[in-house]
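Notes to accompany the following structure.
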Amino acid sequence: MKTFYFIRHAQSEANFKGILASRQDCPLTEKGGREAVVIASEFKNIAKLDRIFCSPLIRAQQTAQPIAEAFGLDVEIDGRITEQDLGVFSGMTAAELIHQQNYMHERSNRWKWIPEGGGESYEMVANRLKPVFRSLGALAGDGILFVTHAVTLRMVKATLEQTL
Numbered sequence: 000m001k002t003f004y005f006i007r008h009a010q011s012e013a014n015f016k017g018i019l020a021s022r023q024d025c026p027l028t029e030k031g032g033r034e035a036v037v038i039a040s041e042f043k044n045i046a047k048l049d050r051i052f053c054s055p056l057i058r059a060q061q062t063a064q065p066i067a068e069a070f071g072l073d074v075e076i077d078g079r080i081t082e083q084d085l086g087v088f089s090g091m092t093a094a095e096l097i098h099q100q101n102y103m104h105e106r107s108n109r110w111k112w113i114p115e116g117g118g119e120s121y122e123m124v125a126n127r128l129k130p131v132f133r134s135l136g137a138l139a140g141d142g143i144l145f146v147t148h149a150v151t152l153r154m155v156k157a158t159l160e161q162t163l
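Following this line, the structure appears as structure tokens:
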């Protein structure tokens, strides 16, 4: 029987600074690096992994790498599980976003809201994920880990409910 695990990357520089990184490539902090090692150690004790899929963003890759090393696996990059593109709002802090009238502050209204400047709505992220989840049964291996991001994880539930 297949088991799927989903985790968010460890603390990034953007997280530490209170920045919504979106697709910006922010590395892990030193604390985040330590967190990734702890995650790898804990995972080794509770799971059997055969595959690790990861967002192409460095913070996710730096989280996945110690896990891959612990299990003797390669990290497989999949751009479909990357973070939501927040368009012109990428790189802003929460304090800066308060003053942005075009930013959708209410999360429950973001399904159709597309951030200016080439951003993605929640619906667009969910649609990007659907092919990933439709292919889960065909993936080789029984223990499969996805290392991804906050908004992507929020959309996992919505996507699986729509797909299955």
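Residue numbering for the sequence shown follows numbering that gives the first Met the number 0, beginning at 0 and increasing consecutively. Note that the Cβ used here is the ideal one computed from N, Cα and C, for glycine as well.
Residue i lies in the alpha helix (DSSP H); which residues open and close that run?
i	result
R127	121-133
R58	57-70
F42	29-45
F88	First-last for F88: undefined, no H or E at that position.
How far does the beta strand (DSSP E) with residue i in it reach, from first residue to last?
i	result
L144	142-147
F3	2-7
E75	74-76
C53	50-53
Less than 8 Å separating the beta-carbons of residue i and residue j?
i	j	result
A147	S54	The sequence as given places Thr at residue 147; Ala does not occur at that position. Yes. Within cutoff.
I38	I66	yes
L85	S21	yes
V36	I51	no
G142	D77	no
R58	A149	no
F5	F145	yes
Are there 16 or more other CB atoms within 10 angstroms of the CB of residue i, so buried, or fewer, so exposed?
i	result
E29	exposed
T62	buried
Out of the options, which has the shortest C-alpha to C-alpha gap to residue i?
i	options	result
A125	I143, R153, A137, N101	R153
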